Each structure stands twice: as C-alpha cells, then as structure tokens.
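Here is the structure we will look at.
There are 2 protein chains.
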Amino acid sequence: MFWHMSKPRRSSSPKPTEAELELLQILWERGPSTVREMYEALSGDKGTGYTTTLKILQKMAEKGHVIRDESERSHVYRAAMKAEQTQRQLVQDLLQRAFRGSSASLVVAALNEKRASATELAEIRELLDEMERESKT
Amino acid sequence: MFWHMSKPRRSSSPKPTEAELELLQILWERGPSTVREMYEALSGDKGTGYTTTLKILQKMAEKGHVIRDESERSHVYRAAMKAEQTQRQLVQDLLQRAFRGSSASLVVAALNEKRASATELAEIRELLDEMERESKT
DNA sequence: GATGGTCTACGACAAGTGTCGTTGACATAT
DNA sequence: ATATGTCAACGACACTTGTCGTAGACCATC
C-alpha cells in the first residue's frame, strides 16, 4: 500500500524557488523576454550557463509561473503573475513560517533591516492612516 | 581545477530550511526542549514521525542553528539565535530576492496581507517617528 | 549544398532535504 | 533477570534543485 507518499503534490503554484525568483524579477523589470535576453541580463551577476537558464524557464512554464509564446523560433516568456501578487504570496508565507502571523513584527524587522527613504516613510504613514480610517467604520 | 564549485559553501548560517524553521519556532515558544517534546508539539499539525524530527535536529546542530546539551540521556536542544536575529536575516533575504531591496514595498505588502491590530499600528507609528528623528541628525 | 551559429529538447548528475526503518544502548517495571 | 519501552545514531530512499553536455531542428551566408 501507498502511504509514505507524504507530499500531497501541490498542483497550483508552489512558491517560486531561488533561481526562479531571480528570473521572475528580470521579467518584471524587462517585460516579456527571450531566454537569451534573460541570460544576458544576469550573466553579469552569475557564472551560470545558457542552458541552465533555459531549463529553469521550461520548468517554470510547466509549473505555470511563466507563460511561453512559441510562435517565434525564440520563445518569449512572460511572468504569469504580477510582481505584487507573488510578493504578497511570499510575504504571506514568511509571515506564517517565521513570524507566527504577526505582520507588525515583520514590518518592524523590515524597517530595522534597511532604513527607508523619507518619501517611502511618508508612503507608509499614508497607508497607516488609511487603515486606521477603515477600521473606525 | 576547481571552478564549477559555484556555491561558495556558506560556512556560518545558511538560512534555515522549511522544516528547520518550524522547529525553531517551537524552540522560541517553549524554550529549550527535548526531541520528544518538540515532536509532540507538532504532531498535531503534521503526520511526521519521531525519527524525522530527531534527524532534522541533528542536522541543525551540525549547522549550528541549535545547541545541544547531551548531559542527560534525552538531549536538550535550544535555539542558537534569538527569534529577532533569524527573522531579520530572513527579511533581509526576502528583501533582496523579491523586493529589489525596497523595504517600503515589503512593508506595504505585509500590511496589505494581514491587517494589524490598533496597538500594533501604533507601535509601527512609533518606530517611524523614531526613524525620522534620527535621520534629521 | 556545406558550414557555422542559434535555438529547444532531453538526459545526466551532485547536492540538499525530508522521510523513515533498524539497531544498539540504556532504563524501568515486572 | 527478563521483558518492555525510550532514546540517539546510522543508513537508505525518493524527490527537488541547480547545473551542464549533447543532440537535433532551424536558419543564415558563403
């Protein structure tokens, strides 16, 4: 019989891995791109080969993290989700896994980690005001 | 020769994995604990076996994420770092990998993700004031 | 139409992770 | 003192991830 299958095989969107996230960031910045374009976009940072980038993108297409347009010889990839959606998902995950769901702790950690600019601080203040206004209803 | 070693083998603290973080959270809540205690603390949530928990803790001891007291027959484990330190490290990592270093974006995502309580919002406001005061120096 | 470049696809591989079974040491109760 | 239970250690295993090499399709240009 077949218990020890343990992992229920998560079908939908199982959180992008490290390398996948790196490629997603490039797609979010550049918009739809070919493998070569992405490869060159990161070849400064990493010493990794062309086929590596290709393979990861193929995996991502299977998983549904990116969408592939095969109409041209050089396939064009685009991110399946907007940056904000994926970021939300990642924050949600970290919140659960490391902060027991306390978003305030996470915010404090983030602000302590890297000092935000004055405009950014103002933006956050704005958001706080808005939230308090809403909660008063 | 030895390039293609790629990963520079991070010796100190290579970011706790999923299962490791789960155990760390238990240690942070309960304080120093035995394997059995931790196993029972999560056996509600997961269907995972005792030896699994043991093995992961042994790996964590090797990596230095936990410190093991072997003076009793049932070894007692305690977290090597405070929750805040590890959380900071994780936030730093996510910041780089998914938010291009913009802590403001992360804060916005966190607050949108899960509405914080009024007291928590006040706490954040406090922190903002403090940061602005400092930056005026 | 042969040559060289560019692309996708496929397979291999090492390392890491999570999972468990088994074993041998030790303790406890009968 | 024998049987029962608990514990740490070790090895095995499947699966994922990141990495690459090679092969086969396609397209130039000579």
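These protein sequence lines are chains A and D, in that order. If you count by the numbering used here, then the first sequence holds residues 16 to 152, one letter each, in order. If you count by the numbering used here, then the second sequence holds residues 16 to 152, one letter each, in order. All C-beta atoms, glycine included, are put in the ideal place defined by N, C-alpha and C. The model shown is predicted, which means the values in this text are computed figures rather than measured ones.
DSSP beta-bridge partners of residue i
| i | result |
| --- | --- |
| S48 of chain D | D:Y92 |
| D84 of chain A | A:V91 |
Whether residue i touches residue j by CB criterion (8 Å)
| i | j | result |
| --- | --- | --- |
| A56 of chain A | I41 of chain A | yes |
| H90 of chain D | E35 of chain D | no |
| E128 of chain A | V123 of chain D | no |
| R88 of chain A | P47 of chain A | no |
| E33 of chain A | R140 of chain D | no |
| L126 of chain D | M146 of chain A | yes |
| P31 of chain A | T101 of chain A | yes |
| S58 of chain D | A133 of chain A | no |
| L143 of chain D | L136 of chain A | yes |
Sequence-distant residues of its chain with Cβ nearer than 7 Å to residue i (five each side left out)
| i | result |
| --- | --- |
| A95 of chain A | G79, H80, V81 and I82 |
| K97 of chain A | none |
Within-8 Å CB hit, residue i to chain D
| i | result |
| --- | --- |
| E35 of chain A | no |
| K97 of chain A | no |
| A94 of chain A | no |
| V123 of chain A | yes |
| L126 of chain A | yes |
| S58 of chain A | no |
| L105 of chain A | yes |
| R24 of chain A | At R24 of chain A the pLDDT is 41, less than 50, meaning the model places this residue with poor confidence; the figure from the coordinates comes in the next sentence. So, not an interface residue. |
| L69 of chain A | no |
Cβ of residue i within 8 Å of any chain A Cβ
| i | result |
| --- | --- |
| R140 of chain D | yes |
| E55 of chain D | no |
| S209 of chain D | What the structure shows of chain D is the stretch from 16 to 152, and residue 209 of chain D is not part of that stretch, so it cannot be assessed. |
| K74 of chain D | no |
| R45 of chain D | no |
| R130 of chain D | yes |
| L10 of chain D | In the structure as shown, chain D begins at 16 and stops at 152. Residue 10 of chain D is therefore absent and cannot be evaluated. |
| E135 of chain D | yes |
| V50 of chain D | no |
| R112 of chain D | yes |
| R148 of chain D | no |
| L109 of chain D | yes |
Close beta carbons around residue i, own chain, < 6 Å, minus the five adjacent residues each side
| i | result |
| --- | --- |
| D84 of chain D | V91 |
| Y54 of chain A | Y65 and T68 |
Beta-carbon contacts of residue i that lie in its chain and below 8 Å, excluding the five residues immediately before and after
| i | result |
| --- | --- |
| S118 of chain A | L110 |
| T49 of chain D | S89, H90, V91 and Y92 |
| S120 of chain A | F114 |
| A131 of chain A | I139 |
Cβ-heavy atom distance, residue i to the ligand ATP, below 7 Å
| i | result |
| --- | --- |
| Q102 of chain A | Annotation note on the ligand ATP: not contained in the displayed structure, which lists no ligands. |
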